[in-house]
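Its first residue numbered 1368, the sequence shown is counted upward by one per residue in my numbering.
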Amino acid sequence: MNYFENINQNNHLTILKNILDEESTDIDTLLVQYFTKYDFIEINKSIQILGNKITNSLALIIIEKHYKDLSESIKEHIKNQTNINIKTLISLLESNDNASEIILFALNKDNSEQFIKESLLKLNSLSVKAQKTLSFILKELDSCYYVNYNNFISLLNHENHNLRVAFISIIEGLIVYFKEVNNLEEIANLTKILCERLRDVNYVVRNKVLGTLSFLFRNHFILLKERNMVIESILERIVDKTVVVRKKVLNLLSQLLLNHPFKNKGNNLSISNTHSNVEYEKEFKSFVQLMNTALEKCIFMLDCNLKTDILEICTFIKLCFLYNLDNSYNGMVKVLNLVFNSEYKEHIIKIFKDVIESKKNVIYQFVNNKAFEELIKHLDVSYEPLLVNIKNNQLISESIYILRHLNKSISTKLTLYLIQYTTQLLFNSHSDNLIENLNSYKNTLYIVSNSPKIEYKHEIFGIITKNIIKMRFYEYNIISDTLKVFYSISKDPEKNSLKLLKMIIESKNKLNLLDFIGSLALLEFNRLTKIENDIKNSKNDNNQEDLKENFQFINEMNDIEVSNYFYQLKEYDLLNNPSNVLNQFKELLIKECFSDNLLIRKLANISLCKWMLVSQRTFHKYYKDVYLVNLTNVDNGPEIRNALIIFLHDFALYYNPYINYKEIFNFLIDKDLKKNTILIIYNLLNKNIIRVNGNGSLLSSQLNDDQIGVIVRTILKTVSKNLNMISVIFYESFIDENISNEILKYLCGLIPQSVRGSLFLKCIKNNTVCDERKKLILVEFNLKEKFVSDNKHLLNKFLQN
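Structural data, given as structure tokens:
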């Protein structure tokens, strides 16, 4: 009888009942067909109908085929009705992906121990897949089966890392078990095994051990006497070759520090924070020493520019700083420097927000740091407490510094108070605090320049003007900073500037005068440029009525006419018009560019450079005869020459066609100028202002230079993405006999595979270069087989020669 001829979703349960009622001799075969062939059967209802007629073999088939669809009650029913033997369970290890679930389902307190014993006896005959399945099963079984763990210690030495991982899980369960029965000796033994496994060759095992140790520390299963030994073992892995392990170590160390057991110490883990209990103090010092070691390694990794673990490293260093560990401030400074990296910026900001929230007055520890100046803009710092500090004569310079870099506009009344306060500080200074008070005054000038517009007769301008004259010393930037205040907040900056000029002339201070005429020219040029741009923008902006009214005479001009008008103002009227106030100082300025007094010479040359930026006519007139003469004159010394070469970057931007870039590259071999020169070249290359053609070997020759070698390598790595540029540098270095083979080898590594072939052919065709050099690049290029095959004749001819 064919029971299944018309079987379908609607009648399959009836057919199953018919099979069972008939009690056919081939009932087992029919049931196997029923449970394996048809996907539409309702498995749970079918097993209910089957009742106690389920055999071991049929149960196994049902579990393999339908395990995921079985309800919990049906699973329990199958388990109660059957008893699958151990041999069958072990054979299941080699079966489908559900094998581990099926075997765990079939195991119970009566057969689990036998399964463990039998499976381990057959361990080496199992496939890798079966061993992996077994490893999962073993770690899911109750710890009571592994109390005699020495019987299973061989798992730790098995070549399959999954089995080693399984035993680590078993150890975790055993430690919990032994803690419940207070067997401290076994806990200590198992803890030592875990520490030994931190050196396992497989990173998955090492990672699992760290996860287990993290769990044990969190739940206080690590014995007090073993704690520092465990931490010491963890520390060994902080420089692990695998990223995931290093991250786990760093997170674990952060966990340990955050939940440190020395509660009497609170948030102060400084060694000087002592305790009366000798043993306690010994443990404490040992713990702190380990954390300091971890901190040192984290700082080292930051110095190595590791990108993969940055966030974890920074978090740990932050905790070290919050807990006052030695050298943690240096670590935080290095963390702070990462704020310039856009990838980490948000994380660094968050770290410092946490720090500022946790530690009172910590913000003052990072003053006078360029990275902090960038960071502070993003911190929610109120200026009121800073003003309170100043009024209370506390943290004065620090508060003024922070107030400056907050870049917030404060009222005119407050700025007047600040300028009066810092003026008094400055002129009551002694030798030990003069520099600090001078910096506070300069920072105050920046604060003032950010305040609202005021009339040119305001008291603030009178104070800062008189301060220039009262100073019995010259200080860089005081003149320019004062002029910036005029041009930032005065409603008539020209009147303030002329008043200052008149007072400088009357004081007969040549240093101030030279500084003034250069700074004023640049500020007036920038002011005219801003007005020009505002006028162009105002044509489409109805909110700019004041500007339109003030410049009615050019309202009808188009943008080109406006540009021409302001070009005339900036190019001719500003410096070259005899009636202009600055023009009268031209002869003096040029004369003092060659003064016997080095400081006067320096200031005169700097001001001339500012004039050249303002006026193209001035640039053409004095670039070669004054600027280059003083720049190349070694008798001027490094200070003057480096002050001058900085302007070369802006000259290249403003007057690109008139600059001989060979001259710039030649400064790479000038020991006084090479540092600033390489930075200028780097910036100009990034902006596509200059080309390396004809200068490639000059650049590569500095590859191993003590001062600039690191920057040269950075430049070469950057330009290697430009196939043409790196090819030019390589070829020019190849034909230059002064470039060593060592440098040439380095350059070979930067050449992309796609251009190596054509570049090699170009090199071997050059008859002026020795064959040894050509052979070197043939070896270093490691040319592709296709290229070698296509150029076999040419290569053979070269090798024969």
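A virtual CB, placed ideally from N, CA and C, is assigned to each residue, including glycine.
Cβ-Cβ distance between residue i and residue j below 8 Å
| i | j | result |
| --- | --- | --- |
| S1653 | L1619 | no |
| S2100 | G2063 | yes |
| I1757 | S1766 | yes |
| V1750 | L1785 | Per the sequence presented here, residue 1750 reads as Tyr, with Val not at that position. No, the pair does not count as a contact, with Cβ atoms beyond the cut-off. |
| L1942 | V1981 | yes |
| I1428 | F1402 | yes |
| N1974 | I1884 | Going by the sequence as given, residue 1974 is Ser instead of Asn. Result yes, Cβ atoms of S1974 and I1884 sit closer than 8 Å. |
| L2114 | S2067 | yes |
| I1483 | Y1512 | yes |
| S1621 | T1660 | no |
| I2013 | N1964 | no |
| T1579 | E1552 | no |
| K2112 | E2152 | no |
| R2008 | D2039 | yes |
| I1457 | E1485 | yes |
Rounded Cβ spacing between residue i and residue j (contact assumed at less than 8 Å)
| i | j | result |
| --- | --- | --- |
| G2061 | K2029 | 7 Å |
| D1607 | R1573 | 7 Å |
| Y2098 | K2054 | With a Cβ gap of about 24 Å, Y2098 and K2054 do not count as contacting. |
| L1508 | S1479 | 6 Å |
| L1686 | L1625 | 6 Å |
| D1567 | K1614 | Actually they do not touch by this definition, with Cβ atoms about 17 Å apart. |
| L1490 | Q1481 | Not quite, the Cβ-Cβ distance comes to about 15 Å (not below 8 Å), so this is no contact. |
| I1845 | M1870 | With a Cβ gap of about 14 Å, I1845 and M1870 do not count as contacting. |
| F1853 | E1899 | The pair is not a contact, with the Cβ atoms about 20 Å apart (cut-off 8 Å). |
Where residue i falls: helix, strand or coil (DSSP)
| i | result |
| --- | --- |
| S1479 | helix |
| S1494 | coil |
| I2057 | coil |
| I1367 | Outside the displayed range of the chain (1368 to 2168) lies residue 1367, so it cannot be described from this structure. |
| S1353 | In the structure as shown, the chain begins at 1368 and stops at 2168. Residue 1353 is therefore absent and cannot be evaluated. |
| I1589 | coil |
| I1542 | helix |
| I2110 | helix |
| I1767 | helix |
| I1421 | coil |
| I1836 | helix |
| I1777 | coil |
| I1821 | strand |
| I1431 | In the sequence under discussion, the amino acid at residue 1431 is Glu, which differs from the Ile named in the question. Three-state DSSP puts E1431 in a helix. |
| I1666 | helix |
| I1374 | coil |
| D2037 | coil |
| K1685 | helix |
| N1900 | helix |
| F1952 | helix |
| D1747 | coil |
| K2159 | helix |
Spatial neighbours of residue i in its chain, beta-carbon cut-off 6 Å, leaving aside the 5 residues before and after
| i | result |
| --- | --- |
| V1706 | K1712, I1715, A1738, E1741 and L1742 |
| S1847 | S1886 |
| L1397 | I1386 |
| Y1841 | L1878 |
| I1445 | A1426 |
| I2082 | Y2049 |
| S1857 | Y1823 and N1863 |
Beta-carbon contacts of residue i that lie in its chain and below 7 Å, excluding the five residues immediately before and after
| i | result |
| --- | --- |
| K1664 | I1605 and V1606 |
| T2135 | I2102 |
| I2056 | A2019, L2020 and N2023 |
| D1859 | Y1823 |
| I2180 | Any question about residue 2180 goes unanswered here, given that the chain covers just 1368 to 2168. |
| V1571 | H1528 and V1532 |
| Y1405 | I1374 and H1379 |
| D1926 | K1903 |
Cut-off 8 Å between Cβ atoms - residues of its own chain near residue i, not counting five sequence neighbours on either side
| i | result |
| --- | --- |
| I1872 | L1880 |
| V1948 | L1865 and L1868 |
| L1523 | R1531, F1534, I1560 and R1564 |
**At least three beta-carbon pairs within less than 8 Å, the segment 1775-1793 to the segment 1805-1816** = Judged by Cβ distances under 8 Å, the segment 1775-1793 makes contact with the segment 1805-1816, as three or more pairs qualify.
**Item:** the segment 1555-1563 contacting the segment 1589-1603, beta-carbon criterion three pairs below 8 Å
**Value:** Result yes; three or more Cβ-Cβ pairs closer than 8 Å.
**Item:** Touching by the beta-carbon criterion (3+ pairs, under 8 Å), the segment 1496-1504 and the segment 1521-1530
**Value:** Contact between the segment 1496-1504 and the segment 1521-1530 is present, because at least three Cβ pairs lie under 8 Å.
**Message:** Any contact between the segment 1952-1971 and the segment 1889-1908? By contact I mean 3 or more CB pairs, one from each, below 8 Å.
**Reply:** No contact exists between the segment 1952-1971 and the segment 1889-1908.
**Asked** Are the segment 1985-1993 and the segment 2029-2046 touching, with three or more C-beta to C-beta distances below 8 Å?
**Response** Here the segment 1985-1993 does not lie against the segment 2029-2046, with fewer than 3 beta-carbon pairs under 8 Å apart.
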